[in-house]
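Number of protein chains: 2
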Amino acid sequence: MTKRSWWGWGWVDAAVGAAERAGLAGRLPPHWVGDPVPVPRIEDLRLRAPRVEPPAALATICSTDPEDRAGHTYGKAYRDVVRALAGDLPEPPDLVAFPRTEADVVDLLDWAGAAGVAVIPYGGGSSVVGGVEYRGGAHPGVVSVDLTGLDQVLEVDRVSRAARIQAGALGPRLERQLSGHGLTLRHFPQSFEFSTLGGWLATRAGGHYAMRHTHIDDFVEALRVVTPVGISESRRLPASGAGPSPDRLFLGSEGALGVITEAWLRLQDRPTHKASAAVRFRTFADGLGAVRAIAQSGLEPGNCRLLDAAEAAINAGVRDGSSVLVLGFESADRPVDAGLARAVELATDHHGTYPPVSTRDTPDRPDAVGAWRSAFLRMPYLRDALARLGVIVETIETACTWDRATEVCETVRAELGDAIERVCGEPGIVTCRTTHVYPDGVAPYFTVIARGRRGAEVSMWDDIKAAAGDTLERLDATITHHHAVGRDHFRWYDRQRPRPFGAALLAAKNSLDPRGILNPGVLFH
Amino acid sequence: MTKRSWWGWGWVDAAVGAAERAGLAGRLPPHWVGDPVPVPRIEDLRLRAPRVEPPAALATICSTDPEDRAGHTYGKAYRDVVRALAGDLPEPPDLVAFPRTEADVVDLLDWAGAAGVAVIPYGGGSSVVGGVEYRGGAHPGVVSVDLTGLDQVLEVDRVSRAARIQAGALGPRLERQLSGHGLTLRHFPQSFEFSTLGGWLATRAGGHYAMRHTHIDDFVEALRVVTPVGISESRRLPASGAGPSPDRLFLGSEGALGVITEAWLRLQDRPTHKASAAVRFRTFADGLGAVRAIAQSGLEPGNCRLLDAAEAAINAGVRDGSSVLVLGFESADRPVDAGLARAVELATDHHGTYPPVSTRDTPDRPDAVGAWRSAFLRMPYLRDALARLGVIVETIETACTWDRATEVCETVRAELGDAIERVCGEPGIVTCRTTHVYPDGVAPYFTVIARGRRGAEVSMWDDIKAAAGDTLERLDATITHHHAVGRDHFRWYDRQRPRPFGAALLAAKNSLDPRGILNPGVLFH
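Sequence order for the protein chains is A and B.
Residues 1 to 525 (our numbering) make up the first sequence, in order.
Residues 1001 to 1525 (our numbering) make up the second sequence, in order.
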């Protein structure tokens, strides 16, 4: 079995090698690119000595191994990778706990509550918003609770197409267990390999589907959450009108209200009919018009991603200046040709053009579709490689209603551009695509590539990010559609959240976590 | 303009007359039916004198008129109608306030908070669970706040297909204002004419659609809520991952956390393509199998209601002992024949039979479909007429996952039958239909018709209802899918709600409503 990287994305073996790195570097201005920063050796990190000891009963599930501690210090944002590569890990968790049972989680919370030790629930560790990082505070110790030992599909209800699944299951582990039953969750965030069900639930992750089932929220039938005051378990129901939804309080609670240990999830049959197409547009605005028409048609494509010209050139091999709309339909019940044909028709009504591709069932993927898919999964590895070369690479995402969609895309792109020039001293690359669409709006996603200055990358990125956050706030867009709040978004989240609701949520927090041990700094300051 | 009934459903003019009453009575065992109870005259009610006076600034919007007070004492459950007809109104609101602006609502809450007066938000007053009824407690006064004066569509965003609408708008008023823009909310609960947007939001109402858009929750883009500690206004977004959803805390809060004054709602284009069909099944279990197959196919019919044989005979004119599945599809974008044909095919795969009806676009409605629709809207008036004749008529609804669907339908039916025999001394009529369906489950709905004893109807019904509530709890079904909790369901709701969540919700309540004036007895005891 290959090994997970403690400082960067994914598998050590899958990291970008010398040849791929040279190819990447060759696509950027030469003066942006330096020699790759060496990865520090664990033994050179000199982590702060653990300040707390677990009680004897928990000792066997707690690690003070430096690689465990270093690997659980940060998530996987660009700024996390840069800091890890620099050996900048001043506040590692004192302990990393690996519970094997829910009872272990209960015991950990009991001990941490009595000792005042901060508890950071940790799934796959793929947070890009500082969601799993202890960042200052008065706690005498910090324990990162790695839930990946709780990775079983415990029960499958084939009739209702639902399963009870432990929260620590990583994407592939979860899908492998379901596939034996002919079922699938089909929640495929970009982090799929390296994120867990519990992480998806706690952060309201956005998955594979561009429409309909966007966030994991709608797949949830019931949740089981260990809180410091007891276990909260909701009843398994397809829907209910009995008071405010208990599950919706914990969805998006990011480990600050409890540790999700299990959930009943709604599943689907594996799709057997698929059809996809790529439509080109002369302008991004035309493409947005087409996406809106499709989103409001009720067709509900599974894939509906609009790439701007820069994104299309870099990641879908379309280099004629077009924006590209990648469309896909799928069904386990019946052919989907008619839906795809109607969507393409709506797109051409909005000035889209497309090669006379076949829309028959399960065609070969048109090139742009396949190219996009491969690039998508490789991106985080490329990000790490570029970070090592001294290039700033990061993403920003949001959502807004259609009436402001073009303005949000153009303003964020322009103001990101301005911020990059101000911070980096020269223009950078800003691309835009849409990740999820709704009848009433869209989720735009921006990628920034810019010239870094060695040693200053984190503060440079933070300045660029702050400008973008302020822009989103001014435009009344959300600070996050599916990357969560963590610690990096708190400033804007706090202003986005209605004040009385914020007070009510804090009251709920104090009720569930009276000693303030759960993921301190997340959702509340 | 015709007048609303203070004691029963809907318009005074639409009440069942002598001829229709005789027809109704003729369908029941003669010994169940007595002379119609007379409707008491307002001047004979002798309501308790108002115990509080509004401050001068609010006097013009506050009424002590006996008909206003009597009409705002109860909702419109069977037990409410019986009590009103008996002149049994020991705790009427001392005042009925009719705010004209949101500022009036703020002023009302300020005054009530200072005076410790209980505030009962009141929309259309169609609650069937004691949601708008003050029921004992230490408050020195009670004000019912009738929001129907706030009934405007304030803003329409045609591009995003959304509108900002005041919460007091009754269904028809709301749809009339939207129709000028070619848009519709298409949320049609049975109470449509006599319930408000704010009521739907506060109770998580179930609408027209059998699938997809079942509860009003999913239509909500943003909410504006007046709480005693300030106004909570969420940002208008198609979706967001920024922490637990603020809107989901207020959806289902039933007036206990604040008064909803406005919402941004997602709208739709008016459908131009429709197709419907009625499929018959020899057994209800076969029908459930078909409904499950359709629900799991991804077809998402707008209408998918299965009536058992008794329901089909009474309300759809199908008297051959069949269960009947009423299917409907609609679209503003394209023909829906193919979807209907596939659904019918799935139904026949599950032993359904259907006359060779046309499935072409916008056909004449097959008889069973049309008959069902007319009966549906007339039902509450018939209920009132039967109540006046001394017959017990009420409904119970729930939801459960598919693995338990047949068991829940059969057990509830059987145990309701047992309870009726025990309480009424002879068998009654129990019918079952499904109102909403999901890929993972279904919402069954039961109607009870039984012989009452004059003067004992309320306690008789409460005994039957208690048996049903206990059955649902034992079967782990929800105590309500779309009728809300109110005061009548609290006992079971309290056990259904996870304990730590209940404590957190109470903490939120105390934060938003520190003096405990908002709809006391609802969601919390």
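For each residue, glycine too, the CB sits at the ideal point set by N, CA and C.
These numbers come from a predicted model, not from an experiment.
So with CB distances below 9 Å, who are the chain A contacts of Ala-1443/B? As a working mapping, residue 1443/B is identified with position 443 in the second sequence. Those within 9 Å of Ala-1443/B in chain A are Pro-238 and Ala-239.
Taking Cβ-Cβ distances below 8 Å as the criterion, which residues of the region 1486-1499 of chain B are in contact with chain A? Flagged, chain order: His-1489, Tyr-1493, Gln-1496, Arg-1497, Pro-1498 and Arg-1499.
Would you call Leu-174/A buried or exposed, if buried means 16 or more other Cβ atoms sit within 10 Å of its Cβ? Looking up residue 174/A in the first sequence gives position 174. It counts as buried.
Mind pulling the beta strand (DSSP E) runs of 3 or more residues that sit fully within the region 1093-1150 of chain B? Fully enclosed beta strand (DSSP E) runs of 3 or longer: 1095-1097, 1118-1122 and 1142-1146.
Exposed or buried, what is Gly-1182/B when buried is set at 16 or more other beta-carbons lying within 10 Å of its beta-carbon? The residue you call residue 1182/B lines up with position 182 of the second sequence. Exposed is the call here.
Starting from the beta carbon of Val-1159/B, find every residue of chain A whose beta carbon is closer than 7 Å, and list them in chain order. Locating residue 1159/B in the second sequence gives position 159, counting from the first residue. Chain-ordered, the chain A residues with CB closer than 7 Å to the CB of Val-1159/B read Trp-402 and Asp-403.
Contacts around Arg-1453/B, its chain only, beta-carbon distance under 7 Å, and the 5 residues preceding and following it disregarded: Here the question's residue 1453/B lines up with position 453 in the second sequence. Sequence-distant partners of Arg-1453/B (beyond 5 residues in either direction) whose C-beta falls short of 7 Å from its own C-beta, in its chain, are Met-1460.
Contained alpha helix (DSSP H) runs [length at least 4] in the region 1171-1204 of chain B, N- to C-terminal order: Every alpha helix (DSSP H) of 4 residues or more that sits fully in the region 1171-1204 of chain B is shown, in chain order, as 1171-1179 and 1197-1203.
For a contact meaning CB atoms closer than 9 Å, what does His-1436/B contact in chain A? Taking the second sequence and counting its residues from 1, one reaches residue 1436/B at position 436. Listed along chain A are Pro-238 and Ala-239, each with a C-beta nearer than 9 Å to that of His-1436/B.
Which same chain residues end up closer than 7 Å to Phe-219/A when comparing Cβ atoms and leaving out the 5 residues on each side of it in sequence? Stepping through the first sequence from its first residue, residue 219/A is reached at position 219. Same-chain partners within the cutoff: Leu-185, His-187, His-213, Leu-265 and Arg-266.
At a CB-CB cut-off below 7 Å, which residues of chain A make contact with Asn-1510/B? Taking the first residue of the second sequence as position 1, residue 1510/B is located at position 510. Per Cβ cutoff of 7 Å: Ala-507.
Measure how close the beta-carbons of Thr-272/A and Ala-205/A come, nearest whole angstrom, since I'm counting them as under 8 Å. Numbered from 1 along the first sequence, position 272 holds the residue referred to as residue 272/A. Numbered from 1 along the first sequence, position 205 holds the residue referred to as residue 205/A. Not really, about 26 Å apart at Cβ, beyond 8 Å.
Could you check what DSSP says for Gly-469/A in three-state terms: helix, strand or coil? Taking the first residue of the first sequence as position 1, residue 469/A is located at position 469. Correct three-state label for Gly-469/A: helix.
For a quick check, are the C-beta atoms of Glu-1262/B and Ile-1165/B less than 9 Å apart? The count along the second sequence starts at 1 and reaches residue 1262/B at position 262. The count along the second sequence starts at 1 and reaches residue 1165/B at position 165. At the C-beta level, Glu-1262/B and Ile-1165/B come within 9 Å of one another.
Span of the alpha helix (DSSP H) holding Gln-1496/B? Your numbering for residue 1496/B matches position 496 in the second sequence. That run of the alpha helix (DSSP H) goes 1490-1496.
Have a look at Pro-40/A and Gly-87/A and give me their C-alpha separation to the nearest angstrom. By 1-based counting over the first sequence, the position of residue 40/A is 40. By 1-based counting over the first sequence, the position of residue 87/A is 87. So the two alpha carbons sit approximately 6 Å from each other.
Rounded to whole angstroms, how far is the Cβ of Ala-1070/B from the Cβ of Leu-1089/B, which I believe are closer than 8 Å? By one-based count along the second sequence, residue 1070/B stands at place 70. By one-based count along the second sequence, residue 1089/B stands at place 89. That pair is a contact at about 6 Å.
Would Ala-399/A pass as a contact of His-436/A if the rule is Cβ separation under 9 Å? Looking up residue 399/A in the first sequence gives position 399. Looking up residue 436/A in the first sequence gives position 436. Cβ atoms of Ala-399/A and His-436/A: closer than 9 Å.
Looking only at DSSP bridge pairs, what is Val-448/A linked to? For the purposes of this step, residue 448/A is identified with residue 448 of the first sequence, where counting begins at 1. Looking at the DSSP assignment, Val-448/A forms a beta bridge with Glu-394/A and Val-430/A.
Proximal chain B residues relative to His-482/A, where beta-carbon distance stays under 7 Å: For the purposes of this step, residue 482/A is taken as the residue at position 482 of the first sequence. What His-482/A touches in chain B: Gly-1241.
In terms of residues, what are the limits of the beta strand (DSSP E) holding Lys-3/A? Stepping through the first sequence from its first residue, residue 3/A is reached at position 3. Element bounds for Lys-3/A: n/a, residue is neither H nor E.
Ranges of the alpha helix (DSSP H) found wholly within the region 212-300 of chain A, counting only runs of at least 4: Considered as a whole, the region 212-300 of chain A harbours 246-250 and 284-295 as its complete alpha helix (DSSP H) runs of no fewer than 4 residues, in chain order.
Nearest to Gly-1207/B by CA position, among Val-1485/B, Val-1129/B, Ala-1477/B and Ala-1443/B, is which residue? For this step, residue 1207/B is matched to residue 207 along the second sequence. Of the listed residues, the one whose Cα sits closest to Gly-1207/B is Ala-1443/B.
Rounded to whole angstroms, what's the CA-CA distance from Ala-1285/B to Pro-1520/B? Just pull it up for me. Within the second sequence, numbered from 1, the residue matching residue 1285/B stands at position 285. Within the second sequence, numbered from 1, the residue matching residue 1520/B stands at position 520. Inter-residue distance for Ala-1285/B and Pro-1520/B is about 42 Å (C-alpha atoms, whole angstroms).
Just grab the DSSP bridge partners of Trp-1011/B for me. Taking the first residue of the second sequence as 1, we reach residue 1011/B at position 11. According to DSSP, Trp-1011/B bridges with Arg-1004/B.
Under a Cβ-count criterion, where at least 16 other Cβ atoms within 10 Å of its own Cβ denotes burial, should Phe-1295/B be classed as buried or exposed? For the purposes of this step, residue 1295/B is taken as residue 295 along the second sequence, with counting starting at 1. Here the sequence assigns Ala to residue 1295/B, which means Phe is not the residue at that position. Around the CB of Ala-1295/B, 16 or more other CB atoms lie within 10 Å, so the residue is classed as buried.
Within chain B, partners of Ala-162/A - CB distance below 7 Å: For the purposes of this step, residue 162/A is identified with residue 162 of the first sequence, where counting begins at 1. What Ala-162/A touches in chain B: Thr-1401 and Asp-1440.
Buried or exposed: Gly-1180/B, going by 16 or more other Cβ atoms within 10 Å of its Cβ? By 1-based counting over the second sequence, the position of residue 1180/B is 180. So Gly-1180/B counts as exposed.
Along the chain, where does the alpha helix (DSSP H) that runs through Glu-1407/B open and close? Reading the second sequence from its first residue, position 407 is the one you call residue 1407/B. Here the alpha helix (DSSP H) through Glu-1407/B covers 1405-1424.
CB contact check: Gly-1298/B to chain A, cutoff 9 Å: As a position in the second sequence, residue 1298/B is number 298, starting the count at 1. For Gly-1298/B, the answer is yes, since a Cβ of chain A falls inside 9 Å of its Cβ.
Beta-carbon proximity list for Gln-190/A, same chain, < 8 Å, skipping 5 on both sides: As a first step, residue 190/A must be located in the first sequence, where it is residue number 190. Counting only Cβ-Cβ distances below 8 Å, and skipping sequence neighbours, we find Phe-376, Leu-377, Met-379 and Pro-380.
Cβ neighbour criterion (16 or more within 10 Å) applied to Lys-465/A: As a working mapping, residue 465/A is identified with position 465 in the first sequence. A residue is called buried when at least 16 other Cβ atoms come within 10 angstroms of its Cβ; Lys-465/A meets this threshold and is buried.
Can you tell me whether DSSP reads Phe-524/A as helix, strand or coil? For the purposes of this step, residue 524/A is taken as residue 524 along the first sequence, with counting starting at 1. Coil, per DSSP.
Rounded to a whole number of angstroms, what is the C-alpha to C-alpha distance between Asp-1364/B and Phe-1194/B? As a first step, residue 1364/B is located in the second sequence; it is residue number 364 there, counting from the start. As a first step, residue 1194/B is located in the second sequence; it is residue number 194 there, counting from the start. Reliability of the predicted coordinates at Asp-1364/B is poor, the pLDDT of 40 falling under 50, and no value is obtained from them.
Sort Glu-1221/B, Asp-1094/B, Leu-1045/B and Asp-1476/B by Cα distance to Ser-1245/B and report the nearest one. Counting from 1 along the second sequence, the entry for residue 1245/B is found at position 245. Considering only alpha carbons, the answer is Glu-1221/B.
Start-to-end residues for the alpha helix (DSSP H) that takes in Leu-346/A: Against the first sequence, residue 346/A aligns to sequence position 346. Counting along the chain, the alpha helix (DSSP H) containing Leu-346/A begins and ends at 337-349.
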